[in-house]
Amino acid sequence: MVVVTATYEIDLHYKNRELFKQYQLLVKHKDQLEIEWKELRLDLSELTSGMSLEKEASEKALMQLPDSSKIKVLSINEDKQ
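Residue 30 in the working numbering sits at position 30 of the sequence shown; the count goes up by one each step and never skips.
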């Protein structure tokens, strides 16, 4: 009876250790997914705000936003019949 109990205890301890290893891997994977999710939300926010377009235009095409005093708004009457 003692041998059976000892064998059962050893097996239980081994399974417990294996499950804990699995748990740690799952927690690590969850943390990586959370980081990726935050990066994706940041990318989406950047894309929807228009900042990425402005940044790309200034870096790649060397475009700059003109001074507000130099901006002219033209009004065109399109009610021609």
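Idealized CB from N, CA, C, for every residue including glycine.
Residues near residue i by beta carbon distance below 8 Å, same chain, minus five either side
i	result
Asn77	none
Glu39	none
For residue i, the first and last residue of its enclosing alpha helix (DSSP H)
i	result
Asp79	Taken as a continuous stretch (DSSP letters only), Asp79 belongs to no alpha helix (DSSP H), as it is neither H nor E.
Leu33	Val2 to Ser49
Supposed close pair residue i, residue j - CB separation, criterion 8 Å
i	j	result
Glu59	Ser52	That belief does not hold up - the Cβ atoms of Glu59 and Ser52 are roughly 10 Å apart, past 8 Å.
Cut-off 7 Å between Cβ atoms - residues of its own chain near residue i, not counting five sequence neighbours on either side
i	result
Ala57	Met63
Cβ shell of residue i (< 6 Å), same chain only, five flanking positions each side left out
i	result
Ala6	none
Any non-hydrogen atom of the ligand SAH within 7 Å of residue i CB
i	result
Gln64	With respect to small molecules bound, the structure shown includes none, and the ligand SAH cannot be examined in it.
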